[in-house]
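In this note's numbering, the protein residues as written are 6 to 367.
Written below as structure tokens is the structure these notes are about.
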């Protein structure tokens, strides 16, 4: 039986291949840089990625629980029988609390029920629903229950908090635990099946989600596996607009590439632009999409200058995901090689990895 035969799909892409893309796009792949056996196992068995994340998270959580969870001062509001902190006169009057022998107060309190700990307990609960290994599932549940006994609640918008964690500094005691919890929240596969892997995305924008995932995955993959190349992601280019009127730079569109890979010996540069669309368009006949060619051609020609020899010969690559279609075509135009390539996301995981690796010369 083939690898894909019993695999669920989103659109025509097997879910296990989306797990693979998420592995390449995530910080987890960086963590596995120096663990080649685990990295290879994750690539060959992407269905196990949630279990691997759960293992990392539970180790960090259990280490943290052996010490004291972080406390912080949090503003709390409560109706008390004695004054504590500041009196909320409006609430007290509106709710007739004095007749009940109470008074509304606002006060600071040391508590473990803080956003970072809520983020972790939510990640544990989330992983316990998707991991396969029963021992890991049980560990996630036990650790979540321990957090709850300490007083950490699971009532918050974890998705919104996940956005904020990347830009928040933590002490060394919490940093690894938060990073592991973030990995759990990176595992978001949109699906139409209620209760399977994740909730339905509110805006149902699966195409935008996979487009962004594909770009991040390609960049993440190359940043780890390419030994003799430097990888730059999301680099912005300046238009060589000289001379120019005073407001032209305000209205020129931004020029930003997805990925640039450059040989360490400065012998080769490849500008990669990922696309999530069909590689060809059909009018009277099947042809490459002209707007994509114009875009990569603009990247290449606009950056030519005498002080950078590689800028005169750099390669442009348009990289498309596909299902059951294979293209690898090229042409040299005015000194620049243009390459048009697909990666079949319906193939087995080894083929996807090998395809991406073989696109860049050794």
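Cβ coordinates follow ideal geometry from the N, Cα and C atoms, glycine included.
- Rounded to the nearest whole angstrom, the CA to CA distance from residue 255 to residue 277 is 26 Å.
- Annotated three-state conformation of residue 316 is helix, per DSSP.
- The C-alpha of residue 189 is placed about 40 Å away from the C-alpha of residue 335.
- By the neighbour-count criterion, in which 16 or more other beta carbons inside 10 Å mark a residue as buried, residue 258 falls on the exposed side.
- Counting along the chain, residue 301 sits inside the alpha helix (DSSP H) bounded by residues 295-307.
- Look at residue 321 here: in three-state DSSP terms it is strand.
- Counting along the chain, residue 333 sits inside the beta strand (DSSP E) bounded by residues 333-338.
- Nearest Cα to residue 351 within the set 362, 359, 329 and 338: 329.
- In the DSSP assignment, residue 24 forms no beta bridge with any residue.
- Under the three-state reduction of DSSP, residue 244 is assigned to coil, being neither helix nor strand.
- Straight-line spacing of the CA atoms in residue 297 and residue 323 works out to 8 Å.
- Distance check between residue 244 and each of 281, 227 and 306 places 306 closest, using alpha-carbon atoms only.
- Each residue's CA atom was taken as its position, placing residue 343 and residue 301 some 8 Å apart.
- Excluding five sequence positions before and after residue 145, the CB atoms of its chain that fall closer than 8 Å to its own CB belong to 59, 62, 63, 129, 130, 132, 133 and 136, given in chain order.
- One Cα belongs to residue 46, the other to residue 40, and the distance between them is close to 10 Å.
- Distances from the CA of residue 262 to each of 283, 224, 282 and 249 were compared; the closest alpha carbon is that of 224.
- Around the C-beta of residue 347, 16 or more other C-beta atoms lie within 10 Å, and the residue is accordingly described as buried.
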